[in-house]
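**Student:** Take a look at this one; I'll ask things after.
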Amino acid sequence: MTTPAPAPRVVIADDQELVRTGFRLILTSRGVDVVGEAADGAEAVEAVRRLRPDVVLLDIRMPNMDGLEAARRILAQVPDCRVIMLTTFDLDSYVYAALAAGASGFLLKDVTPAHLAAAVRLVDTGDALLAPSITRRLVERHASVSGPAPARSAAPAVHRDLAVLTPREREVLTLLGKGLSNTELARTLTLSEATVKTHVARIFAKLTLRDRAQAVVLAYEKGLVTPGESAHPADVRS
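Position in the sequence shown counted from 1, then plus 130, gives you the numbering used here.
Put into structure tokens, the structure is as follows:
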């Protein structure tokens, strides 16, 4: 008999008490363990440091310390914690900077109860909440020469050395940046999906990437992919 996975431990950070209460009721009714709440970014950082949750739901716009700065501090202090950004704005410009800082994705505050619980469980397994193709569109929207957002919220520079990658791994990272799935990578490179998964795992380990969403951001930051470039190699050949 398979032992069920332990319930994710979650901290909810939002300056609106009604939002926190609603999310807590939704999650607890679906078997997620809400271990703490916070009303601003500073409280969120302290709660995560003290409680060590698996996932933190972090509102972008909060007093005292915004969610973006809180995400940076949380991921620096508790790197195993997964961050989901909450926003009322679809593809908010701050989300790009949050992904670059290591967040696993974002949710709109009008998310359905089922989607909210599923999102928490998804990122708790180490996966990204955003599909690579959606992340690519988000990055293209904000990773322009004019910068992703106002200066106070710009994403930190990425300083990972791609020299640690083999030529094949660099090729795989480039295609990841274009939003290709494992199946598409295998077809494009004429490899098995198992081999592709091995390459992806090695890339993540060498570059300390959390998930595919962060791999997309890194590919743009390093110039492997540029905004407006075709998503799939086949598109160029046609």
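Every residue, glycine too, gets a C-beta built ideally from N, C-alpha and C. Quantities reported herein were computed from a predicted structural model and do not represent experimental measurements.
1. Return helix, strand or coil for Gly152, following the three-state DSSP convention.
2. Looking at the structure shown, is Gly197 part of a helix, part of a strand, or coil, going by DSSP?
3. Confirm, please, whether the CB-CB distance from Val241 to Leu157 is below 8 angstroms.
4. Ends of the beta strand (DSSP E) at Thr217?
5. Smallest Cα separation from Gly161: which of Asp291, Asp341 and Pro136?
6. What is the DSSP secondary structure of Ala135, reduced to helix, strand or coil?
7. My output table needs one value for Asp254: the three-state DSSP class, helix, strand or coil.
8. To which residues of the same chain is Ala228 closer than 6 angstroms at the C-beta, ignoring the five residues directly before and after it?
9. Quick one: Cα of Asp254 to Cα of Pro297, how far?
10. In whole angstroms, what separates the C-alpha of Pro183 from that of Leu337?
11. Can you have a look at Val163 and say buried or exposed, based on whether 16 or more other CB atoms are within 10 angstroms of its CB?
12. For Ile204 and Val175, what's the separation of their Cα atoms in angstroms?
**Tutor:** On the basis of the data shown:
1. helix
2. helix
3. Contact check for Leu157 against Val241 fails: the beta carbons are separated by 8 angstroms or more.
4. Arg212 to Thr217
5. In this structure, Pro136 is the residue among Asp291, Asp341 and Pro136 with its C-alpha nearest to the C-alpha of Gly161.
6. coil
7. helix
8. Leu198, Ala201 and Met215
9. 31 angstroms
10. For Pro183 and Leu337, the distance between alpha carbons rounds to 24 angstroms.
11. In the sequence as presented, Val is not what sits at residue 163; that position holds Asp. Its Cβ having fewer than 16 others within 10 Å, Asp163 is exposed.
12. 6 angstroms
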